[in-house]
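What follows is a short report on a single structure.
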Amino acid sequence: MTTSDDRTVAELIRAAFPDLTRAERQLADAILEDYPISGLGSITALSESSGVSTPTVLRMARKLGFDGFTHFQASLRGELKMMISDPVARREHWTDELPHAHILNRFAEAVSDNLRKTLQRMDVETFDAATALLADPDRAVFVVGGRVTHSLADYFFSLLQVIRDGAHLLPPNANIWPHSVLGMKEGDVLLIFDIRRYERELLSLARMARARGVTIVLMTDQWGSPITTQAAHGFHARIEVPSAWDSTVVLTYLVEALLAGIQALHWDTARRRMNELEGLLDETAMFKKFT
3 MTTSDDRTVA ELIRAAFPDL TRAERQLADA ILEDYPISGL GSITALSESS
53 GVSTPTVLRM ARKLGFDGFT HFQASLRGEL KMMISDPVAR REHWTDELPH
103 AHILNRFAEA VSDNLRKTLQ RMDVETFDAA TALLADPDRA VFVVGGRVTH
153 SLADYFFSLL QVIRDGAHLL PPNANIWPHS VLGMKEGDVL LIFDIRRYER
203 ELLSLARMAR ARGVTIVLMT DQWGSPITTQ AAHGFHARIE VPSAWDSTVV
253 LTYLVEALLA GIQALHWDTA RRRMNELEGL LDETAMFKKF T
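Each residue of the sequence shown is one higher than the last, beginning at 3 in this note's numbering.
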């Protein structure tokens, strides 16, 4: 359960953050640090762990649009249930609510709604800052994904290495990731893909990289991976569709938008590399030529 505008509690907090008092911001940071578990204890426990008063907790809950702390916690519990749901539970959740339209129409409507809501809550400054980091030729860029999202990481890397030097795709075997961290330097960038049923190995990787001064850019869902606390910049894509599996359509859109932005920042270099690559591909006769 969320508020009537369908935003998660985390999204509400991030949107309201500029208007919060100092104490409320302290509370917000504490909630997001271990989201959503941090907000599921008693109001006394939350106030004590965040170092604020119980009236501050109540005041911020109302600022976020909730009737009170009970309503606030009910939303968090509903989110937690969705975050940890397995594919069968996700499919059954949608089955109870699906209209009788064809699956093509239902799926298209859900994807379109996901894209619209993601863009409505997108911070353009965050997008531009992440694009500049990933385009910076003085920074190496490392890319990694999880069990499902590794294909997105692979796709991003495959095109990024055409645009610029210094791009690296981490291997799918998490046991090798510490070896990859050895090659990371302060100022480098690590782009991580992590959506619900968040992976512990990815969080460990983010912590190791950040300890070396690496800047984390995160692609996650509307609830937010635990890696959010390690990331300098985060993108929160909507992923729910009438299926047992989460949709990566919006994440793919963000990947391609980032690549377009990076390409535009250094088009002369990108064009030169693309022309060189075309020459190399011609030598391999990989593609059919219609001449």
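We treat Cβ as the ideally placed atom computed from N, Cα and C, and that holds for glycine.
This structure is a prediction, so every number in the text was calculated from the model and none was measured.
Under the three-state reduction of DSSP output, residue 220 falls in the strand class. In this structure, residue 199 sits away from residue 223, with a CB-CB distance that is not shorter than 8 Å. Here residue 181 is exposed: its Cβ has fewer than 16 other Cβ atoms, across all protein chains shown, within 10 Å.
Residue 281 and residue 290 have their C-alpha atoms roughly 14 Å apart. For residue 109, no beta strand (DSSP E) encloses it; the enclosing alpha helix (DSSP H) starts and ends at 105-122. Take the alpha-carbon of residue 79 and the one of residue 225: they are about 12 Å apart. The DSSP-derived three-state label of residue 268 is coil. Residue pairing by DSSP puts residue 171 in a beta bridge opposite 145. Looking at the backbone, the Cα of residue 117 and that of residue 125 are separated by about 14 Å. Secondary structure note for residue 193: its beta strand (DSSP E) is the uninterrupted segment 191-195. In the DSSP assignment, residue 19 falls outside any alpha helix (DSSP H) and carries neither an H nor an E. The way I'd put it, the segment 10-17 doesn't touch the segment 45-53; fewer than three beta-carbon pairs between them come closer than 8 Å. Cβ-Cβ distances below 8 Å link residue 41 to 11, 33, 48, 74, 75, 78 in the same chain, with the five nearest sequence neighbours on each side left out; the list follows chain order. When the Cα atoms are used, residue 122 and residue 238 turn out to be separated by approximately 11 Å. A direct Cα-to-Cα measurement between residue 183 and residue 234 gives close to 18 Å. By a beta-carbon distance limit of 8 Å, residue 257 contacts residue 158. Their separation comes to about 5 Å. Per DSSP, the continuous alpha helix (DSSP H) segment holding residue 76 begins and ends at 71-85. Taking one beta carbon from each stretch, the segment 246-255 and the segment 137-146 have fewer than 3 pairs nearer than 8 Å; the two do not touch. Under a 10 Å Cβ-count criterion, residue 167 is classified as exposed, with fewer than 16 other Cβ atoms of the shown protein chains found around its own Cβ.
Less than 8 Å separates the beta-carbon of residue 214 from that of residue 186. According to the DSSP assignment, residue 287 belongs to no beta strand (DSSP E), since it is labelled neither H nor E. When the alpha-carbon of residue 44 is set against those of 28, 236, 71, the nearest one is in 71. In the three-state reduction of the DSSP assignment, residue 239 falls in the strand class, which pools E and B.
Judged by beta-carbon spacing, residue 132 lies beyond the 8 Å limit of residue 252, meaning their Cβ atoms are not closer than that value.
Following the DSSP letters along the chain, one finds residue 178 in no alpha helix (DSSP H), marked with neither H nor E.
Secondary structure in the segment 12-59: the alpha helix (DSSP H) runs of 4 residues or longer, each lying completely within the stretch, are 24-35, 45-52 in chain order.
Bounds of the alpha helix (DSSP H) holding residue 163 are 152-165. Taking C-beta separations shorter than 6 Å and ignoring five residues to either side along the sequence, the partners of residue 196 in its chain run 148, 204, 222, 227, 229, following chain order. One alpha carbon belongs to residue 163, the other to residue 179, and they sit about 20 Å apart.
The three-state secondary structure of residue 187, taken from DSSP, is coil.
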